[in-house]
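Have a look at the structure below before the remarks.
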Amino acid sequence: MFFITTMTKNNLKILLIALILITSTGNLDAQNNTSSPYSVFGFGILETPAHAKNAAMGNSGVAMPSDGYLNTLNPASLSHLDSLSFYFNLQGQGTINKFSMGGKEQTNFDSNFDILSMGFRVTPWWGMSLGLYPFSSVGYEINANNDIIGSTSDYPMVYEGSGGLSRVTLSNGIKLTKNFSAGVDATFLWGSSDIMETADYSDLSGITISSSKKWYFNNLYLKYGLQYKGKTNNGNIYAGATWQPETNIYATSNQTILQDESTTYYNEDQSAEDVWLPNMFTAGLAKHWQSGWQFSADYSFSEWSTLNGSQTLNGTFHDSQTFGAGFSYSHPKNKHKLINSMSWEAGLFYSDGYLSVNGTRIEEKGISAGFSLPLNNLGNRLHLAYQHSVKGTENNGLIEENYHTIKISFSWIERWFTKQKFY
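In terms of mature numbering (1 follows the signal peptide of the UniProt record, and there is no 0), the sequence shown is residues -30 to -1, 1 to 393.
Here it is in structure tokens:
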């Protein structure tokens, strides 16, 4: 009697579809994911494409294993994937933003795909995933009136920005020993930012002048991860860390000047000074109790001050610190009941911000909650996370932003291999 392990035709089709989606989508429409005026600075609004489970726990989870889902925060977590399963994850988010300044308010709605990823266990000690994620988003429109020097007249000016960066990441996690795992993310980053300035001189000379500058960015970068798993009397304890070394990002630009959107005065590709992704370090702890409770906490430090003096990116930048923590609960027994097979999460997070405007740090703080429920008895689950955050302040003539974000994630788990028995 012997066994032959084969991939089913149905699961082969799923794998091919996932590969086509990830490699052909191009980007996740990062351009539509923000309407924040603060996206005029730096790379724009930096995205945190954490899985909905981690997002509901305060964006924490660098120490958590990929247990039933793909944990995108630490590549070392992939060594914990089930050896017989193929994982596919699709996640989207919608955000209601309220902007407040000097007693005036404006509300916008933004939505976007957040994560498209797949993963599997290559060997008993090696897990792998491939994913497409947004990195940053640019989206703003600012209207102003500029004075004409030596005159009492002025003219309308519109400043607009759109675009963003996306990334494709190949992640690998391996078990070094029974307790230790290591991993690496290999990421290709690319995208563009479109900056348009339109001066309306129609009341003065009957013409409109538009200046458009498009910045292009791309390069490869790496992130390394470690995880530790240990047993306690009442469960497991985990520790994790990631390090992303400083990496230069190639930049080029194109500038176009138009009159009345038809006559081209100037159109030229230009060289640009390369920019840098800073050193980023994250460390975390997690604890899982046999009673069904789980706790996670992360701390991150990023050296964004290296961007100061850049001729390519606008803004005043600071080294930033981020904290996130959360709890999860799932009933440990009688999983045949729907309520017992669900998990519940809650958390909080804080960042002192990597940006300052008018001498004021743009901080962000928030709370989160969520749940997940099974879609069938194969491990497929629906995850939902809610976050409420406040960013910025109305002090010093700035804008305070209130965000209500919902992330919805579908996690499919397919039995990738089957065993056929022969006699």
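Here a beta-carbon is modelled for each residue, glycine too, at the ideal position from N, C-alpha and C.
With distances taken from CA atoms, which of the options is nearest residue i?
i, options, result
"residue 8", "238, 266, 130 and 300", "130"
"residue 65", "16, 4 and 22", "4"
"residue 135", "362, 256 and 12", "12"
"residue 346", "83, 337, 380 and 216", "380"
"residue 49", "247, 147 and 110", "147"
"residue 318", "334, 310, 306 and 169", "334"
"residue 46", "22, 55, 106 and 193", "193"
"residue 241", "214, 385 and 281", "281"
"residue 190", "70, 217 and 210", "217"
"residue 160", "133, 145 and 152", "133"
Could you check what DSSP says for residue i in three-state terms: helix, strand or coil?
i, result
"residue 242", "coil"
"residue 249", "coil"
"residue -1", "Annotation note: pLDDT 42 at residue -1 (below 50); position unreliable, no value reported."
"residue 45", "helix"
"residue 299", "strand"
"residue 148", "coil"
"residue 38", "coil"
"residue 95", "coil"
"residue 344", "strand"
"residue 283", "coil"
"residue 156", "strand"
"residue 324", "coil"
"residue 375", "strand"
"residue 332", "coil"
"residue 363", "coil"
"residue 32", "coil"
"residue 65", "strand"
"residue 309", "helix"
Tell me which same chain residues have a C-beta within less than 6 Å of the C-beta of residue i, skipping the five on either side of it?
i, result
"residue 114", "127"
"residue 207", "200 and 257"
"residue 373", "65, 67 and 359"
"residue 303", "none"
Within its chain, find whatever has a CB closer than 7 Å to the CB of residue i; leave out the 5 residues flanking it on each side and keep chain order.
i, result
"residue 177", "171, 229 and 230"
"residue 92", "98"
"residue -2", "In this prediction, residue -2 scores a pLDDT of 45, lower than 50, which makes its location untrustworthy; the coordinate-derived value is nonetheless stated afterwards. Correct list, in chain order: 82 and 83."
"residue 396", "Beyond the ends of the chain as shown, which are -30 and 393, falls residue 396; an answer cannot be given."
"residue 259", "204 and 205"
Leaving out five residues before and five after residue i in sequence, what residues of the same chain have Cβ atoms less than 8 Å from its Cβ?
i, result
"residue -7", "Low confidence applies here, because residue -7 scores a pLDDT of 44, under 50, leaving its location unreliable; read the following figure in that light. Answer for residue -7: no residue qualifies."
"residue 329", "366"
"residue 321", "290, 291, 292, 293, 333, 334 and 335"
If you pair each beta-carbon of the region 340 to 349 with each one of the region 19 to 35, do three or more pairs fall below 8 Å? yes
Per the contact definition of three or more C-beta pairs closer than 8 Å, is the region 261 to 275 in contact with the region 30 to 49? yes
Quick one: any contact between the region 216 to 230 and the region 180 to 189, if contact means 3 or more CB pairs under 8 Å? yes
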